[in-house]
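In what follows, a structure is listed as structure tokens, so that the remarks can point back to it.
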Amino acid sequence: ILPPASVSNRLSAYLYKIEHDPKGHKRSFLKIIDGSLRLRDVVRINDSEKFIKIKNLKTIYQGREINVDEVGANDIAIVEDMEDFRIGDYLGAKPCLIQGLSHQHPALKSSVRPDKPEERSKVISALNTLWIEDPSLSFSINSYSDELEISLYGLTQKEIIQTLLEERFSVKVHFDEIKTIYKERPVKKVNKIIQIEVPPNPYWATIGLTLEPLPLGTGLQIESDISYGYLNHSFQNAVFEGIRMSCQSGLHGWEVTDLKVTFTQAEYYSPVSTPADFRQLTPYVFRLALQQSGVDILEP
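Here the sequence shown stands for residues 3 to 302, numbered as in our numbering.
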């Protein structure tokens, strides 16, 4: 959808709450910081190139919800069935209240299992709904054990999730032992190269990676020294995907963070080499480099 010329540049609204009604309709609550939101407005999400049209609009008046054509500054707007919305999104200009907003990461995690194994997909669907309503709920499927893992801020959150799953979604679950979430960071700068057609490399690819530690809190940075004129985007993107996948589990099984990974060397044979060769070789090169560097264990 292209933005019409009439879209106001004054609008600034923050999405602070999402809920689902008994029929499963998604309800998004926005605080209008500046300007106004009008029915049939086409508005920008998160200062991106994505625009959405407001097809319904409510506000709260004297304690009850009413349909309106416009919601002004300092009032609450309610928009239904807007699947693109996530908590923390903003419409129009970025509100000052979220400029530089920091995110505290959970320090605990636990595997969760349904009492009835056949209800696993039901648990995943329920957790996804809860995540839409509260993005601080972080869950994933362990790529090695296939266990469903939930990151937690504390024991109270675990009890709340367990109660919600049982009372709202009618599924009983069991949480395994709660563990502290640690992270890993390379100790020193290292470079590792695996050459094409040199055993035990079974892939039609040469990959060189440089790993170097970064200051705490920096996260993962990926760079490439390889020209796209030599190795095209699909091959390089495969390497980047392999790097991100490798960082999910380091030498001790924890996420690897606060490092820069540079793609430094590449070779391929046309037409036998494929992006899959590069994607599958990358974790092996990354692992060898990480072993060469060693890791520091980072506590929460």
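The beta carbon of each residue, even a glycine, is placed where N, CA and C say it ideally should be. From a predicted model like this one, the values you see are computed outputs, not experimental measurements.
Environment of residue i [buried if 16+ CB atoms lie within 10 Å]
i       : result
Lys-112 : Strictly speaking, residue 112 in this sequence is Ser, with Lys absent from that position. So Ser-112 counts as buried.
Val-200 : exposed
Glu-186 : buried
Pro-137 : exposed
Ile-80  : buried
Gln-238 : buried
Glu-121 : buried
Val-263 : buried
Ala-274 : Note on residue identity: the sequence assigns Val, not Ala, to residue 274. Burial call: exposed.
Leu-32  : buried
Gly-233 : A small correction: the amino acid at residue 233 is Leu; Gly does not occupy that position in the sequence shown. Classification for Leu-233: buried.
Contact belief for residue i with residue j at Cβ below 8 angstroms, rounded distance in angstroms
i       : j       : result
Asn-203 : Leu-283 : 7 angstroms
Ile-209 : Val-297 : Not a contact, Cβ separation roughly 21 angstroms.
Leu-213 : Ala-291 : 5 angstroms
Leu-13  : Asp-36  : 7 angstroms
Leu-222 : Leu-261 : 6 angstroms
Phe-141 : Leu-157 : The pair is not a contact, with the Cβ atoms about 17 angstroms apart (cut-off 8 angstroms).
Trp-206 : Tyr-146 : Incorrect: roughly 26 angstroms between the Cβ atoms, too far for contact.
Leu-139 : Leu-132 : 5 angstroms
Val-44  : Lys-55  : 5 angstroms
Pro-108 : Ser-153 : 4 angstroms
Residues of its chain near residue i, where Cβ-Cβ distance is below 8 angstroms and the 5 sequence neighbours each way are ignored
i       : result
Val-189 : Pro-215, Ser-295, Gly-296, Val-297 and Asp-298
Gln-312 : No statement about residue 312 is possible, as the shown extent of the chain runs from 3 to 302 and does not include it.
Gly-244 : Phe-280, Arg-281, Gln-282, Leu-283, Thr-284, Pro-285 and Phe-288
Ser-123 : none
Glu-72  : Ser-38, Leu-39, Arg-40, Leu-41 and Leu-59
Option nearest residue i by Cα separation, candidates the options
i       : options                               : result
Ile-143 : Leu-132, Lys-160 and Val-125          : Val-125
Ser-38  : Ile-78, His-235, Glu-21 and Ile-152   : Ile-78
Ser-30  : Gly-90, Ser-50 and Arg-66             : Gly-90
Gln-197 : Pro-24, Asp-279 and Glu-169           : Asp-279
Phe-87  : Ser-147, Gly-26, Ser-138 and Tyr-18   : Tyr-18
Pro-302 : Leu-211, Gln-164, Gly-255 and Tyr-155 : Tyr-155
Leu-93  : Arg-115, Lys-52, Tyr-63 and Arg-122   : Lys-52
Asn-76  : Val-70, Thr-61 and Ser-147            : Thr-61
Ser-127 : Thr-259, Gly-252, Gly-26 and His-235  : Gly-26
Glu-82  : Glu-121, Leu-41, Ala-109 and Arg-46   : Leu-41
Val-1   : Glu-151, Gln-238, Val-114 and Gly-231 : Residue 1 lies beyond the stretch modelled for the chain, which goes from 3 to 302, so this question has no answer here.
His-254 : Ile-183, Glu-269, Tyr-270 and Ser-272 : Ile-183
Pro-314 : Glu-161, Phe-171, Val-45 and Glu-72   : Past the boundaries of the shown model lies residue 314; the chain is included only from 3 to 302, so the question cannot be answered.
Ser-50  : Met-84, Glu-67, Ala-95 and Asn-69     : Ala-95
Leu-300 : Glu-269, Gln-267, Ala-268 and Gly-252 : Gly-252
Ile-228 : Ala-240, Ala-268 and Ile-195          : Ala-268
Ser-226 : Phe-265, Gly-219, Thr-259 and Lys-118 : Phe-265
Met-84  : Gln-250, Thr-220, Lys-57 and Asp-148  : Lys-57
Three-way DSSP call (helix, strand, coil) for residue i in this model
i       : result
Tyr-286 : helix
Phe-242 : helix
Lys-19  : strand
Gly-90  : coil
Asn-130 : helix
Lys-96  : coil
His-235 : helix
Leu-166 : helix
Ser-251 : coil
Asp-36  : strand
Ser-295 : helix
Glu-199 : coil
Leu-300 : strand
Phe-177 : strand
Ala-75  : coil
Phe-280 : helix
Glu-135 : helix
Other residues of its chain near residue i: CB distance less than 7 angstroms, five sequence neighbours each side excluded
i       : result
Gly-74  : Ile-34 and Ser-38
Glu-21  : Arg-29 and Glu-135
Pro-97  : Ser-14, Tyr-16 and Ile-35
Ser-236 : Pro-277
Close-in-space but distant-in-sequence residues of the same chain around residue i (CB under 6 angstroms, 5 per side omitted)
i       : result
Phe-242 : Ile-224
Ile-180 : Leu-110 and Ser-112
Gln-293 : none
Arg-46  : Phe-53
Gly-231 : none
Tyr-256 : It is worth fixing the name first, because residue 256 is Trp in this sequence and not Tyr. Closer than 6 angstroms at the Cβ level, and outside the excluded window around Trp-256, lie Tyr-184, Lys-185 and Glu-186.
Ala-240 : Pro-277, Phe-280 and Arg-281
Ile-195 : Gly-210 and Gln-267
Cβ-heavy atom distance, residue i to the ligand MN, below 7 angstroms
i       : result
Ser-295 : Here there are no bound small molecules, and the ligand MN is not part of this structure.
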